[in-house]
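Structure record follows, encoded as structure tokens.
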Amino acid sequence: MVRCGWEKCTVEIRRSTLVDHLRTVHELDFASKTKGACGWNGTCKWIQASSLRKHFLEKHLDLPPVACPTCTSTFGRGDSLRRHLEG
Ligand SMILES: [Zn+2]
Ligand SMILES: [Zn+2]
Ligand SMILES: [Zn+2]
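See the structure below:
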């Protein structure tokens with residue numbers, strides 16, 4: 003569980019449902035082309051809405067390493083794992 007840090011929100015939610023929570027409760031439009039301020043703890047700069055999802059997962063949710071399904075390697079980010087699998 004992780005505590006939502008959006009503005010005054012203190013709801014505890016599962017990491018996997020955070021994006022849904024942000025979208026429904028805080029009305030974030032992840033598909034928007036406009037820039038918006040990240041309201042998480044009020045510490046972030048204005049960022050592109052389309053990159054908000056990634057932003058939250060990388061900056062505000064200390065995600066556990068992603069394990070490779072075919073070997074014992076772990077990666078800090080899904081991107082790295084994808085490259086590993088492709089390479
Ligand atoms: Zn919240
Ligand atoms: Zn942020
Ligand atoms: Zn591997």
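For the sequence shown, our numbering gives the first residue as 3, with consecutive numbering after it. Glycine included, every Cβ here is placed at the ideal spot set by N, Cα and C. Just so it is clear, the structure is predicted and the values come from calculations on it, not from any experiment.
Buried or exposed for residue i, please, with buried defined as at least 16 other CB atoms from any protein chain shown within 10 angstroms of its CB.
| i | result |
| --- | --- |
| L87 | exposed |
| C73 | exposed |
Given this structure, state the Cα-to-Cα distance separating residue i from residue j, to the nearest angstrom.
| i | j | result |
| --- | --- | --- |
| L30 | E9 | 13 Å |
| I49 | G38 | 6 Å |
| F58 | E14 | 15 Å |
| S34 | T76 | 32 Å |
| K47 | C6 | 18 Å |
For the beta strand (DSSP E) holding residue i, just list the boundary residues, first then last.
| i | result |
| --- | --- |
| K37 | K37 to A39 |
DSSP has residue i in a bridge; who is on the other side?
| i | result |
| --- | --- |
| A69 | T76 |
| R5 | E14 |
Which stretch, first to last residue, makes up the alpha helix (DSSP H) that contains residue i?
| i | result |
| --- | --- |
| S18 | R17 to T26 |
| L54 | L54 to H57 |
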